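Residues in the sequence shown are numbered consecutively from 253, following our numbering.
Everything below concerns the one structure shown next.
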Amino acid sequence: MKVLYATVCAFLVAAPVHAQDPDIAAGEREYMVACAGCHGESGKGDGPLAGILEIHTPSLTTITERTGGGDFPFYNTLKLIDGRDVRAHGGAMPIWGERFRASATSQRGETEEMVARGRILSLVYYLQSIQEQQ
């Protein structure tokens, strides 16, 4: 009975980790298409386009550290990537929320918006997963 109990407990503990894997994998795919050109495949800011940009391309593996340590700034990272809530975005980074929404051409209305937000959410899960340990 103890073996069965231990097996069930191990499964329940591991289940949430496996449930997140698809989000992280989807985020990694989005990252490689949308972000790696500037931030590099490793996220360290060394992408092939970084050298021709007039701004410093930051490492995305140190977001938590740059924001004071502790918990990953999930919501702020999501808002920064989306960019649509910033009235005068003005930054060098593209407004991915609008780009993702525009590319959801087979969708309409709220579904189009859900696709865009889902892509951004997957990216944030991926970025959270590549943070360097402090």
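For every residue, glycine included, the Cβ atom is placed at its ideal position computed from N, Cα and C.
These figures come from a predicted structure and were not determined experimentally.
Suppose you measure from the CA of residue i to the CA of residue j; what does that come to, to the nearest Å?
i           : j           : result
residue 324 : residue 374 : 15 Å
residue 277 : residue 297 : 20 Å
residue 341 : residue 351 : Any reading at residue 341 must be qualified, since the residue scores a pLDDT of 47, below 50, and its modelled position is unreliable; the value itself is stated next. About 14 Å.
residue 330 : residue 376 : 6 Å
residue 380 : residue 326 : 7 Å
residue 382 : residue 346 : 21 Å
residue 286 : residue 370 : 14 Å
residue 284 : residue 337 : 24 Å
residue 291 : residue 300 : 8 Å
residue 366 : residue 332 : 17 Å
residue 295 : residue 356 : 25 Å
residue 368 : residue 288 : 19 Å
residue 328 : residue 275 : 18 Å
Would you mind sorting residue i into buried or exposed? The rule is 16 or more other CB atoms within 10 Å of its CB.
i           : result
residue 261 : With a pLDDT of 42 at residue 261, under the threshold of 50, the modelled position of this residue cannot be trusted; read the value that follows with caution. When all chains shown are included, residue 261 counts as exposed.
residue 363 : exposed
residue 354 : exposed
residue 273 : exposed
residue 304 : exposed
residue 334 : buried
Going by the CB atoms, is the gap between residue j and residue i shorter than 9 Å?
i           : j           : result
residue 313 : residue 302 : no
residue 315 : residue 349 : no
residue 282 : residue 378 : yes
residue 280 : residue 384 : no
Below 8 Å on the Cβ atoms is my contact criterion, and I expect residue i with residue j to pass it. Report the Cβ-Cβ distance as a whole number of Å.
i           : j           : result
residue 321 : residue 386 : 6 Å
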